[in-house]
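Let me begin by presenting the structure, written as structure tokens, before commenting on it.
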Amino acid sequence: MSKKEEDVMELARRRGFIWAAFEIYGGASGFFDYGPLGTALKKKIETLWREFYTLGEGFYEIETTTLGIRPIFEASGHLECFMDKMVECKSCRGLFRADHVGERCPDCGGELSGPQDFNLMFKTRIGAVSDDKARSEAFLRPETAQGMFVNFPRLLRFHRNKLPFGIIQVGRAYRNEISPRQGIIRLREFTLAEAEVFVLPHEKSKHPRFHEVESVTMRLKPNYMDEELETTVKDAVERKIITHEYLGYHMARVQQFLEKIGIPLAKLRFRQHERDEMAHYAEDCWDAEFLSERFGWVEIVGVADRGDYDLRAHSLKAKADMSIPVTASKSEKMEEESRSLSVFPHVIEPSYGIDRIIYALLESSFHKEEVRGEVRRVLRLKTHVAPVEVAVLPLLNREPLVNKAREVFQMLRRHRIFAEFDASGSIGRRYRRQDEIGTPFCITIDYETLENDTVTIRDRDSMKQVRVSISELPAKLSCVCESIFA
Ligand SMILES: [Zn+2]
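Below, the structure written as structure tokens:
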């Protein structure tokens with residue numbers, strides 16, 4: 008483990024962000040729980056994400072089941088294709104992913120068996136055991152996307168049969184990893200935030216809002232090049248590096264969202280999947296990757312053109328036609344064929360791995376520095392994702408300072424500012440505690456407060472302090488509630 012990851016995960020456990028699930032029973036790899044501050048951070052990111060796509064793009068959110076019946080995954084291809092190769096150690100019976108080990112067992116050096124296919128879905132049964140697999144076999148979803156595809160007919164009607172439209176979903180997904188050893192980066196249960204954008208195939212080349220993002224500069228690693236290049240989305244689409252405006256538009260939006268929540272652009276790139284690496288459903292796929300000090304380049308968002316794979320497959324399997332009639336005037340190509348046609352909509356999908364994004368945020372915002380001979384650990388989280396927005400601290404744990412501080416604390420909460428009250432230990436120690444959890448501002452109540460109703464606000468990053476009157480506080484601090492669009 009690199010020192011940085013150790014430091015970050017130690018802080019995450021100690022200060023209530025994230026820790027191993029079932030800890031008192033020794034834990035189980037691939038499962039983590041979020042503590043009070045981790046949950047607050049996660050909810051803020053999810054809320055910003057929802058706003059970004061609902062308010063920003065006009066998409067609606069739905070919530071579908073996390074358990075899916077067998078025919079869904081027969082149609083989606085997950086039963087057949089969602090596989091890893093597994094090897095078993097003949098001595099210690101350890102199981103490993105074939106592509107993660109050499110010829111010998113990494114634990115005991117024993118001989119390994121030949122690779123076997125292993126399906127990554129968790130399987131269960133619905134109701135009492137029955138021989139009818141189609142009815143009784145169920146799987147925990149490996150992605151939230153299928154819930155949006157199988158509901159397409161109703162969603163289309165909801166949108167008055169008009170394309171394009173987008174649907175989002177945030178929720179748990181599951182992947183029965185053979186032997187996960189990368190902490191929170193490779194989880195068996197995780198949170199996805201996914202958008203599925205349904206668009207007619209001949210309309211993918213023009214996105215109506217492309218002009219808004221065309222000058223966004225991105226770092227790209229196409230699969231036919233050895234080097235990365237940095238260019239605008241407009242240039243990348245014109246040169247056919249990115250296949251069409253729809254994909255380019257959503258890649259640029261992904262970058263804008265990640266930047267807004269605090270992923271440093273210097274540690275972000277988009278890597279195009281190799282042909283043989285793409286998921287079974289993908290026509291084209293770019294991963295937004297974060298450069299981790301511990302794990303190297305890590306996928307945090309996938310942006311895929313899934314083509315018509317899923318709607319076509321479910322139409323066949325469910326015998327429910329999900330194609331759309333297209334009038335001849337809509338497409339020159341179809342005019343040539345001079346008959347009424349129907350086509351399957353295509354799907355553009357940005358799929359965000361929320362847990363990995365949280366790790367990326369913690370790793371990149373964590374700083375350890377020496378201040379006046381003491382170690383200062385600080386999380387430089389953006390103000391709008393910080394779990395605690397303001398700390399209210401009486402200079403000393405003494406009346407009447409404590410009483411006054413409690414008043415200010417309650418007043419801020421009434422203004423919907425999430426404040427924490429802390430009176431224990433020296434003021435220096437309390438500042439350091441707040442720095443560690445990323446609290447952007449500390450308000451100190453001192454003896455001057457009692458005279459003229461003013462307090463100091465200390466800024467986490469510059470450690471500078473300004474004096475303001477209590478009545479001004481809610482307005483001054485409103486920047487902590489800054490919207491993602493600000
Ligand atoms: Zn072994």
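In this note's numbering, each number is its position in the sequence shown, counted from 1, plus 7.
All residues carry an ideal CB built from backbone N, CA and C; glycine is no exception.
The straight-line gap separating the alpha-carbon atoms of Leu403 and Thr451 is approximately 10 Å.
Secondary structure note for Glu95: its beta strand (DSSP E) is the uninterrupted segment 90-95.
Every residue whose beta carbon comes nearer than 5 Å to a heavy atom of ligand 1 appears here in chain order: Cys96, Ser98, Cys99, Gly101, Cys112, Asp114, Cys115, Gly117. For Asp291, DSSP records a beta bridge to Asp312. Spanning the alpha carbons of Gly117 and Glu110 requires a straight line of approximately 9 Å.
Between Arg282 and Trp304, the C-beta spacing is not below 9 Å. When beta bridges are read from the DSSP output, Ile365 appears opposite no residue. The way I'd put it, the stretch 295-302 doesn't touch the stretch 346-355; fewer than three beta-carbon pairs between them come closer than 8 Å. Counted as a single uninterrupted DSSP element, the stretch harbouring Met329 is not any beta strand (DSSP E), since DSSP gives it neither H nor E. Taking 9 Å as the cut-off, the Cβ atoms of Leu236 and Phe205 do not count as close. Contact between the stretch 449-463 and the stretch 397-412 is present: 3 or more CB-CB pairs across the two stretches fall below 8 Å. Between Ile79 and the set Tyr454, Gly178, Met128, the nearest pair of CA atoms involves Met128.
With 16 or more other CB atoms across the displayed protein chains lying within 10 angstroms of its CB, Asp429 is buried.
In terms of Cβ geometry, Pro357 and Val308 form a close pair [threshold 9 Å]. Around the beta carbon of Asn168, a 10 Å sphere encloses fewer than 16 other beta carbons of the protein chains shown; the residue is thus reported as exposed. Non-local beta-carbon contacts of Gly75 in its own chain, meaning distances under 7 Å to residues more than five positions away in sequence, involve Ala145, Phe146, Arg148, Gln153 in chain order.
In the DSSP assignment, the residues bridged to Lys228 are Arg278. Contact check for His321 against Phe156 passes: the beta carbons are separated by less than 9 Å. Cα atoms of Leu170 and Val354: separation of roughly 11 Å, rounded to the nearest angstrom. C-alpha of Glu381 to C-alpha of Cys292: approximately 47 Å in a straight line.
Its Cα nearest to that of Glu396, the residue Leu44 stands out among Ala19, Leu44, Arg21. Closest option to Thr46, judged by alpha-carbon separation, among Gly435, Val220, Pro394, Leu102: Pro394.
Beta-carbon to beta-carbon, Arg195 and Asn183 are separated by about 6 Å, close enough to satisfy the 8 Å threshold. DSSP, reduced to helix, strand and coil, places Gln262 within a helical segment of the structure shown. By the C-beta density criterion, Cys112 is buried, having at least 16 other C-beta atoms within 10 angstroms. Where Arg474 is concerned, the enclosing beta strand (DSSP E) starts and stops at 472-476. Ala145 is bridged by DSSP to Ile76, Thr131. CA-CA distance, Glu266 to Ala367, rounds to 12 Å. When DSSP states are grouped into helix, strand and coil, Asn126 belongs to the strand group. Val223 and Ala259 do touch by the CB rule: their CB atoms are close to 4 Å apart, below 8 Å. With contacts defined as CB atoms closer than 9 Å, Ile268 and His391 qualify as a contacting pair. When DSSP states are grouped into helix, strand and coil, Asp138 belongs to the coil group.
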